[in-house]
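Visitor: Here it is, the structure in full.
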Amino acid sequence: MWVWKLSSSASELGVISGLLRLARWAGVTVTHPEATSRAGAAATMQAARRSRTDRFMAATLPDSAGSGKRSERLVLRRNFGIMRGGLTDGEQARQVVVIDGPAGAGKSTIARDLARALGLSMLDTGAIYRALAWAAERDGIAWDDEAGLATLCRSLPIRFENPQEGPQRVFLGSEDVSEAIRTAEITVGASQVSAHPAVRAELLSVQRALGEGGCVAEGRDMGTVVFPGASHKFFVTASPLVRARRRREERLARGDEGVPSVEAVRRALEERDLRDSTREAAPLAQAPDAVRVDTSSMEPEAVVDHLLSLIQAG
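If you read the sequence shown in the numbering used here, its first letter stands for residue 1, the second for the next number, and so on.
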C-alpha cells in the first residue's frame, strides 16, 4: 500500500492531474473522466470540497497479469490523499471487517478511518448500547430492568451519519445524541444494559441490519457473535495505562468536568474489562481467527495502514 498526501492549493492541481494521467497510462479506469485533465481536475476537486456526499473519486486497477487476483482500487480522497487499497463496489457489498477490543484501545478512531479508506460504512455498536442507556434514562427505565430495556430496544429509532470529516453522528429519531451518549454516566449505563441477554438478543438483528451492504463494525463481540463470518477480523488492544491516558485525554478534549486522574481511569477501565469479559451474554473475547493488534506504541494512522495491508494480503 502507498499513500500520497498533497495540499489542496491550486498549485498542486497540476500534480494531481499528472498522477491521474499516469494512472490512465497504467491502464486505470477513472470513474470521474472529467478529472483526467487539468481543468477537469480543478473543477472536480472544487466540487468534491463543496460536496458532503461525493466521498471519493476512484479508479480500479485491472488484473493485467491475469493472475485471477481481485482488482485493486486507487482512491483519490477529498483531502487530496491518493490511497491504494479501497474496494470495488461489488466487494463493498459483501465486505464486513470487524474490530473487537476493550475500551480505550482506539477502536472507534481506527474503525472510522479504516471505513473511509475502504469506502464502507462504520458500525459503532458501542454507540447503540450508549443510545439505549440514554433513552432508558430519558424514559424512566432502570438500567437493571431487563424486560423494560428489551421492550425499548424494539422501538429504538437509531441511525448513524458518517461525514467525510469529523466523528460519526448518532441520532435517535431526529435528535442528535452524539455528545449526550458520551458522558461518564452513560458509559456506566451502557456497560450495564449491554450485560442483559435479552437486550443483546433484541439488538443482534439491529446490528446485522445496519451492517448490510458491507461495513467496518467495532465492538466487543463482533467477530464472535454478531458477524462470525466476517471477511476480516481484528482484535485491537493496548496496555491498561495507555488506554487510561487515551480515555482521559478524550474526556478533557470534550471539555468534561471533574475528569479523574489517569490511575482512577485505569481502575475504572479494568473494572469494565472484568464485567465485559465475564458477563453471561456475548462476553468480550478475541475470536479464534482474529488477528491481534497491540496499539500501545502505534499512532492511529499506522494502525489503519497495518490493517489495510492485512486486508489486501488476505
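We treat Cβ as the ideally placed atom computed from N, Cα and C, and that holds for glycine.
#1: So what does DSSP say about HIS232, is it helix, strand or coil?
#2: Indicate whether PHE227 and GLY211 have their beta-carbon atoms separated by less than 9 angstroms.
#3: Would you call the CB atoms of SER194 and PHE160 closer than 9 angstroms?
#4: Please identify the residue among VAL259, ALA244, LEU123 whose C-alpha is closest to the C-alpha of GLN207.
#5: Which runs of the alpha helix (DSSP H) fall wholly inside the segment 187 to 234 and span at least 4 residues, in chain order?
#6: What does ASP326 pair with, by DSSP beta-bridge criteria?
#7: Could you tell me if GLN312 is buried or exposed, where buried requires 16 or more neighbouring beta carbons within 10 angstroms of its beta carbon?
#8: Let me confirm a value: ALA10 is counted as buried when at least 16 other C-beta atoms fall within 10 Å, else exposed. Which label applies?
#9: Alpha carbon to alpha carbon, how far is CYS215 from ARG292?
#10: Applying the criterion that 16 or more other CB atoms from any shown protein chain within 10 Å of the CB defines a buried residue, is GLY229 buried or exposed?
#11: Since ILE186 and ALA133 should fall inside the 8 angstroms C-beta cutoff, what is the C-beta to C-beta distance between them, to a whole number of angstroms?
#12: Tell whether a beta-carbon distance below 9 angstroms holds between GLU218 and SER108.
Guide: Straight from the coordinates:
#1: Your numbering for residue 232 matches position 232 in the sequence shown. It is a strand residue.
#2: As a first step, residue 227 must be located in the sequence shown, where it is residue number 227. As a first step, residue 211 must be located in the sequence shown, where it is residue number 211. Yes, the Cβ-Cβ distance between PHE227 and GLY211 is below 9 angstroms.
#3: Here residue 194 refers to the residue found at position 194 of the sequence shown. Here residue 160 refers to the residue found at position 160 of the sequence shown. Contact flag unset, no.
#4: Here residue 207 refers to the residue found at position 207 when the sequence shown is read from its first residue. Looking at the Cα atoms, LEU123 is the closest of the given residues.
#5: Counting only unbroken stretches of 4 or more residues, the alpha helix (DSSP H) elements lying wholly within the segment 187 to 234 are 197 to 210, in sequence order.
#6: Any answer about residue 326 is impossible in this case: the structure gives the chain only from 1 up to 314.
#7: Looking up residue 312 in the sequence shown gives position 312. By the 10 Å Cβ count, GLN312 comes out exposed.
#8: Here residue 10 is taken as the residue at index 10 of the sequence shown, counted from 1. Because ALA10 sits at a pLDDT of 37, beneath the cut-off of 50, its placement in the model cannot be relied upon, and the point is left open.
#9: Position 215 of the sequence shown, counting from 1, holds the residue named residue 215. Position 292 of the sequence shown, counting from 1, holds the residue named residue 292. Their Cα atoms are separated by approximately 20 angstroms.
#10: One-based indexing of the sequence shown puts residue 229 at position 229. The residue in question, GLY229, is exposed, as its Cβ has fewer than 16 Cβ neighbours within 10 Å.
#11: As a position in the sequence shown, residue 186 is number 186, starting the count at 1. As a position in the sequence shown, residue 133 is number 133, starting the count at 1. Confirmed, Cβ separation roughly 5 angstroms.
#12: Numbered from 1 along the sequence shown, position 218 holds the residue referred to as residue 218. Numbered from 1 along the sequence shown, position 108 holds the residue referred to as residue 108. Cβ atoms of GLU218 and SER108: closer than 9 angstroms.
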